[in-house]
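Colleague: Before anything else, here's the structure in question.
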Amino acid sequence: MSFVAVATFPCKPGQAQALEDLFHSALADTRDFQGCERIDVVFNEGANTYLLVEYWDHEASYDRYLQWRTDTGIADALAPIIEGGWEGILASVYRLGNIQKI
Numbered sequence: 015m016s017f018v019a020v021a022t023f024p025c026k027p028g029q030a031q032a033l034e035d036l037f038h039s040a041l042a043d044t045r046d047f048q049g050c051e052r053i054d055v056v057f058n059e060g061a062n063t064y065l066l067v068e069y070w071d072h073e074a075s076y077d078r079y080l081q082w083r084t085d086t087g088i089a090d091a092l093a094p095i096i097e098g099g100w101e102g103i104l105a106s107v108y109r110l111g112n113i114q115k116i
């Protein structure tokens, strides 16, 4: 049963391409992180915002991943690109819960 989380990344004006470039390398690492099952990336051009829909084997795996991302300094790379920086992203994370087979 997958755990699903959604995170929004509102780009500063003119920074959407910079975030896309960062995602190309960063999301490869995320997809290789233990417990990551899948990540879907959506871009809303009108809002200049990326949305990540992340599927993890367990919520605990997602928690370990977030700690790893914090410890490895992704915040410094995102600060000039994202409105609100890393703290803004953490505040935008929605822990939707576990997928139900109904």
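The sequence shown: position 99 = 113 (this note's numbering), numbered continuously. Virtual Cβ for every residue (Gly too), placed ideally from N, Cα, C. Source: prediction; values computed, not measured.
Just confirm the distance between the C-beta atoms of Y108 and A19, as a whole number of angstroms; I'd bet it's less than 8 Å.
Modeller: Contact flag correct, Cβ pair sits at about 7 Å.
Colleague: Does DSSP put F17 in a helix, in a strand, or in coil?
Modeller: If DSSP states are grouped into helix, strand and coil, F17 belongs with the strands.
Colleague: Answer yes or no: the CB of L33 versus the heavy atoms of the ligand ZN, is any distance below 8 Å?
Modeller: By its list of ligands, the structure shown contains no ligand whatsoever, and the ligand ZN lies outside what it can speak to.
Colleague: For the stretch 96-114 against the stretch 48-56, do three or more pairs of beta-carbon atoms, one drawn from each stretch, fall closer than 8 Å, so that the two count as touching?
Modeller: With the cut-off at 8 Å, the stretch 96-114 and the stretch 48-56 do not touch.
Colleague: Relative to the C-alpha of A91, which candidate in G28, L33 and P27 has its C-alpha closest?
Modeller: Checking every option, the nearest Cα to that of A91 belongs to L33.
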